[in-house]
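Trainee: Here it is: the structure, laid out below.
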Amino acid sequence: MESNPAQLFHHLALLLFMFSVSVSVTEQGPVPSSIRTDAAALLSFKKIIQNDPNGVLSGWQINRSPCIWYGVSCTLGRVTHLDLTGSSLAGFISFDPLSSLDMLSVLNLSSNPFTVNSTSLLHLPYALQQLQLSSTGLEGPVPESFFSKNPNLVYAILSHNNLSSLPDDLLLNADKVQVLDLSYNNFTGSISGLKVENSCNSLSQLDLSGNFLMDSIPPSLSNCTNLRTLNLSFNMITGEIPRSLGELGSLQRLDLSHNHISGWIPSELGNACNSLLELKLSYNNISGPIPVSFSPCSWLQTLDLSNNNLSGPFPDSILQNLGSLERLLSNRFSGTIPPDICPGAASLEELRLPDNHIEGAIPAQLSQCPKLKTLDFSINFLNGSIPAELGNLENLEQLIAWYNDLEGKIPPELGKCKNLKDLILNNNNLSGIIPVELFGCSNLEWISLTSNQFTGKIPREFGLLSRLAVLQLANNSLSGEIPTELGNCSSLVWLDLNSNKLTGEIPPRLGRQLGAKALSGILSGNTLVFVRNVGNSCKGVGGLLEFAGIKAERLLLGQIPDSFSNLSFLVQIDLSNNELTGEIPQRGQLSTLPASQYANNPGLCGVPLNPCESGNSHAASNPTTDGGRGGRKTSATSWANSIVLGILISIASLCILVVWAVAMRVRHKEAEEVKMLNSLQASHAATTWKIDKEKEPLSINVATFQRQLRKLKFSQLIEATNGFSAASLIGSGGFGEVFKATLKDGSSVAIKKLVRLSCQGDREFMAEMETLGKIKHRNLVPLLGYCKIGTPGYVPPEYYQSFRCTAKGDVYSFGVVLLELLTGKRPTDKEDFGDTNLVGWVKMKVREGKQMEVIDPEFLSVTKGTDEAEAEEVKEMVRYLEISLQCVDDFPSKRPSMLQVVAMLRELMPGSANGSSNSS
160 MESNPAQLFH HLALLLFMFS VSVSVTEQGP VPSSIRTDAA ALLSFKKIIQ
210 NDPNGVLSGW QINRSPCIWY GVSCTLGRVT HLDLTGSSLA GFISFDPLSS
260 LDMLSVLNLS SNPFTVNSTS LLHLPYALQQ LQLSSTGLEG PVPESFFSKN
310 PNLVYAILSH NNLSSLPDDL LLNADKVQVL DLSYNNFTGS ISGLKVENSC
360 NSLSQLDLSG NFLMDSIPPS LSNCTNLRTL NLSFNMITGE IPRSLGELGS
410 LQRLDLSHNH ISGWIPSELG NACNSLLELK LSYNNISGPI PVSFSPCSWL
460 QTLDLSNNNL SGPFPDSILQ NLGSLERLLS NRFSGTIPPD ICPGAASLEE
510 LRLPDNHIEG AIPAQLSQCP KLKTLDFSIN FLNGSIPAEL GNLENLEQLI
560 AWYNDLEGKI PPELGKCKNL KDLILNNNNL SGIIPVELFG CSNLEWISLT
610 SNQFTGKIPR EFGLLSRLAV LQLANNSLSG EIPTELGNCS SLVWLDLNSN
660 KLTGEIPPRL GRQLGAKALS GILSGNTLVF VRNVGNSCKG VGGLLEFAGI
710 KAERLLLGQI PDSFSNLSFL VQIDLSNNEL TGEIPQRGQL STLPASQYAN
760 NPGLCGVPLN PCESGNSHAA SNPTTDGGRG GRKTSATSWA NSIVLGILIS
810 IASLCILVVW AVAMRVRHKE AEEVKMLNSL QASHAATTWK IDKEKEPLSI
860 NVATFQRQLR KLKFSQLIEA TNGFSAASLI GSGGFGEVFK ATLKDGSSVA
910 IKKLVRLSCQ GDREFMAEME TLGKIKHRNL VPLLGYCKIG TPGYVPPEYY
960 QSFRCTAKGD VYSFGVVLLE LLTGKRPTDK EDFGDTNLVG WVKMKVREGK
1010 QMEVIDPEFL SVTKGTDEAE AEEVKEMVRY LEISLQCVDD FPSKRPSMLQ
1060 VVAMLRELMP GSANGSSNSS
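With this note's numbering, the residue at position 274 of the sequence shown is 433, and numbering never jumps.
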């Protein structure tokens, strides 16, 4: 590097000046620390930084006062603050050069892609009070003498790094520490050995969340008498909640969610009610009732007890004082919704009580809580009508009450809820017409009224809802034509109209709507896409664009609009059992779908059905063609096309026949099973079950049975019961339905298909089989055999126990689709995964800390730009992976709802605002 002569002269003059000063003061004593030594320390730190893409340190020059350098602040002529947050600085650094900054009190290097060895924490400036090093690449164990070497530390923020070991005596010398945040590192081992004595009296915030800490919470944490926030969430903690935590008289926020904590909530915890603002215990194994001692918790604002095994009535007095009752889902609470909850809880914004045993009516008094945004009462035993008074809730965004026993009409007053986005009332006994007042809610995104008793026509005003993404009206008694105005719903991605009394033609405009504007970036373009998970017992559930079963009195007529060819990503359309005519449009995806989706339309022809005869197909190819002019030309063209098509089909058939014959000789038995399964799937309701090769049944202790247990395959059971048809059903009980069947050897048997709303795993299944095998009685039929099928493709594990479609099952399937997009791999591929599948492979990689290996390399190869932009894109992909893994959790209760999934995905969209409402 060349030097400017003027700069060289300046440097020599400066060195000469420093030398003369040094000589003059040496005789008087040691050289005092000064701004010059501060500048030299900072320049030494600058030297070890290898990459400064934004040039933030370019102004750090010896000829300028360090007090005006970027990120540097001074007090009384000395450097006291260094803040380089988010500057994209990189390199392998240490804090040794900064140790001489004896007046530095604040050091903030957060959000820089450094690599820092944790031993460097022992070389920080002695006077340092605030240390913020989150997301700085800090790795290694936390030094045992960390606080004794830094005795003046008050704030220590070391989150989102790769720290690996937590010393038991970490807090023994932490006399002045008020905030300690070690969240989202890689800590492992036991937390129960953490030594907490009287040295933590100053500690007000302790955050160890997002690690892999195990064993029980140390009761000695109660020695931290001034603790206000304790966050141990997202770990692997077991045992019970220590009773001693109730002694924390200043505790405001306690988060123990997402662990393996068991036992009851200790009543002593209610002693902290004078200060407690937030209590989160979700996703644990906590049982028993909510302690009555919580009744005086007048300051409690947020209570999240979701996904536990809590039971008993919910104390009314607690509800009256809460500012936000966020989630109590997937528990076993009973009783009614207290009618006097409002206006006592005037600040209540969310009331979520899904998947409990709540009964009675929805109290009209809820309208007296004016801040309510979310009401979720789904999967309970509520009855009565929807109170008209709910229309007074101006801030209401979500009204969710599906799978209850609600009756009566939808109150027109709901049209006054201008902020309403989600109206989900399916699987009730609601009746009457869909009120037109409802369309004053222009922000509606999800309307689900499936499986009720609604009558009348589908209102044309649906076309006014430009944000509508999901419209589910199946299994009602709606009549009349499908309104063409539905084509105006520019965000529509899921339309379900099956099992009604509709008539007329399918509006061509439905095939021309673009869809997914509200979900741009996730589902975009000219598409209507949804993974359908529908079994034989799931009538009217799922589906993308469903018109099946519109046949009670009147049927859909006419031709399939040619515009439907524009749906280039269509994966499911069911037009069976109608009076459609003409040729199936051959462009796009329509001709690639199974014939079962067009079955029982006598006038319909073309691939995948039989070829159209001459003169039968011209109308379908262009519905606006003039029948007078060009009729002969079209007929001749159709005739020629038919000949060519016939030749091609013949050649293809011959090739397929040869290949099939060879395959039959090699794997005759297996091919027959697959063929039988495919035929059954085609003849029954559409499904995404993919059973190419069945696994061996579970191994059960057959010694408990009188005779050798027969191992049956699922295909054999389907064949023997005609697809578990209603004609074979001979009884049902608490454990499932019983079917009469005749096996291939002629033996008559009774087959019980396990039906559990609460999901039963392999262990429970085998335990039940062994129990049945031990029972011998003359009035009990013997157990002859059993079957347990695998978990291929998109189907969640619990489907093979209950054979019932659930919302959480749909979430699992959607998660598999997300993983497909991220990894570029199919869900089942023996070459990639061996005996496991995509979900199992991804989970294994994540457990090994190799999550970046699952992301499709093609994604990473196009991630070009600045280092900051690349890091942000990789971070976004990792976040997509985290969301996908939540969707495919083994336990349905731990999966988010589809509403929550979309909300999380929307947060990743450019320009999206956090907290946007949930949608399809």
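Virtual Cβ for every residue (Gly too), placed ideally from N, Cα, C. Just so we're clear, the structure is a prediction, and the values are computed from it rather than from any experiment.
1. Which one of H319, E553, P472 has the shortest CA to CA distance from E516?
2. Check for me: the beta strand (DSSP E) holding D721 runs from which residue to which?
3. In whole angstroms, what is the alpha-carbon distance linking N468 and S421?
4. DSSP three-state label for L558, please.
5. Find the nearest neighbour of I449 within the set L415, N490, Q460, D414, judged by alpha-carbon distance.
6. Between the C-alpha atoms of G543 and D1048, what's the straight-line distance to the nearest angstrom?
7. With which residues is W653 paired in a DSSP beta bridge?
8. Please report the Cβ distance between S526 and L512, rounded to the nearest whole angstrom; I am assuming they are in contact, meaning their Cβ atoms lie under 8 Å.
9. Check this for me: beta carbons of F305 and P256, under 7 Å apart or not?
10. Within its chain, find whatever has a CB closer than 6 Å to the CB of R668; leave out the 5 residues flanking it on each side and keep chain order.
11. Would you kindly work out how many angstroms separate the C-alpha atoms of L597 and N634, rounded to a whole number?
12. Am I right that P326 and V355 are in contact with their C-beta atoms under 8 Å? What's the rounded C-beta distance?
13. Could you name each continuous beta strand (DSSP E) segment of 3 residues or more that falls completely within the segment 354-431, going from the start of the chain to the end?
14. Just checking, does the segment 336-350 make contact with the segment 276-287 on the three C-beta pairs under 8 Å criterion?
15. Could you tell me which residues DSSP pairs with I252 in its beta bridges?
16. Using the three-state DSSP reduction, which class does S638 fall into: helix, strand or coil?
17. Do K580 and N611 come within 7 Å of each other at the CB atom, strictly closer than that value?
18. Could you give the DSSP three-state label for C764: helix, strand or coil?
19. Going by DSSP, name the residue or residues bridged to Y314.
20. Can you tell me whether Q209 is buried or exposed? The criterion is at least 16 other CB atoms within 10 Å of its CB, across all chains shown.
21. I need the straight-line Cα distance from G615 to P744, nearest angstrom please.
22. With H, G and I counted as helix, E and B as strand and the rest as coil, what does DSSP make of V693?
23. Alpha carbon to alpha carbon, what distance is there between G663 and G762?
24. Is L235 helix, strand or coil when you go by DSSP?
25. For I859 and I445, I'd like the C-alpha separation in whole angstroms.
26. Could you round the C-beta distance between I316 and L297 to whole angstroms and report it? I think they count as a contact, below 8 Å.
27. Between I252 and the rest of its own chain, which residues show a CB-CB distance below 7 Å, the 5 nearest in sequence each way excluded?
28. Report yes if the CB atom of L584 is closer than 7 Å to the CB atom of L608, and no otherwise.
29. Whose C-beta lies closer than 6 Å to the C-beta of N443 among residues of the same chain, with five residues either side of it excluded?
30. Just to confirm, does F621 get its C-beta within under 6 Å of one of the non-hydrogen atoms of the ligand ATP?
31. Please say whether S342 and D374 have beta carbons closer to each other than 7 Å?
32. Do N394 and N370 count as a contact pair if the criterion is CB distance below 7 Å?
33. Which whole-angstrom value is the C-beta distance of L1150 and G717, which I expect to be below 8 Å?
34. Going straight from the alpha carbon of L839 to that of N881, what length do you get?
35. Within the same chain, show all residues whose beta-carbon is closer than 6 Å to that of S403, passing over the 5 residues directly before and after it, in chain order.
36. Out of F613, L329, C226, Q1059, which one is the CA nearest neighbour of G591?
Mentor: Inspection of the coordinates gives the following:
1. Here residue 516 turns out to be His, not Glu, going by the sequence shown. That would be P472, whose Cα lies nearest to the Cα of H516.
2. Here D721 belongs to no beta strand (DSSP E), and DSSP marks it neither H nor E.
3. Cα to Cα, N468 sits roughly 9 Å from S421.
4. When DSSP states are grouped into helix, strand and coil, L558 belongs to the strand group.
5. N490
6. Going from the Cα of G543 to the Cα of D1048 covers about 35 Å.
7. V629
8. Rounded, the Cβ-Cβ distance is 17 Å, inconsistent with contact.
9. no
10. T643, G646
11. Put simply, the backbone Cα of L597 is about 20 Å away from that of N634.
12. Actually they do not touch by this definition, with Cβ atoms about 13 Å apart.
13. 364-366, 371-374, 388-390, 412-414, 421-423
14. Two segments are said to touch when three or more pairs of C-beta atoms, one from each, lie closer than 8 Å; by this definition the segment 336-350 does not touch the segment 276-287.
15. V275
16. strand
17. no
18. Strand, per DSSP.
19. Q289, V338
20. When all chains shown are included, Q209 counts as exposed.
21. 32 Å
22. Note that V693 scores a pLDDT of 31, beneath 50, so its modelled location is shaky; the value from the coordinates is reported in the next line. Looking at V693 - three-state DSSP - the assignment turns out to be coil, as it is neither helix nor strand.
23. 15 Å
24. coil
25. Confidence at I859 is low in this model, with a pLDDT of 44, below 50, so its placement is unreliable and the value that follows should be read with caution. I859 and I445: Cα-Cα distance of roughly 31 Å.
26. Not quite, the Cβ-Cβ distance comes to about 11 Å (not below 8 Å), so this is no contact.
27. If you ignore the 5 residues before and after I252, its C-beta comes within less than 7 Å of the C-beta of I207, I208, F273, V275, all in its own chain and listed in chain order.
28. yes
29. N418, I420, N467
30. The ligand ATP is not part of the structure shown, which contains no ligands of any sort.
31. Taking 7 Å as the Cβ cut-off, D374 and S342 do not qualify as a contacting pair.
32. yes
33. No answer is possible for residue 1150: the residues shown for the chain start at 160 and end at 1079.
34. Low confidence applies here, because L839 scores a pLDDT of 47, under 50, leaving its location unreliable; read the following figure in that light. Distance between the alpha carbons of L839 and N881: 8 Å.
35. P378, S381
36. F613
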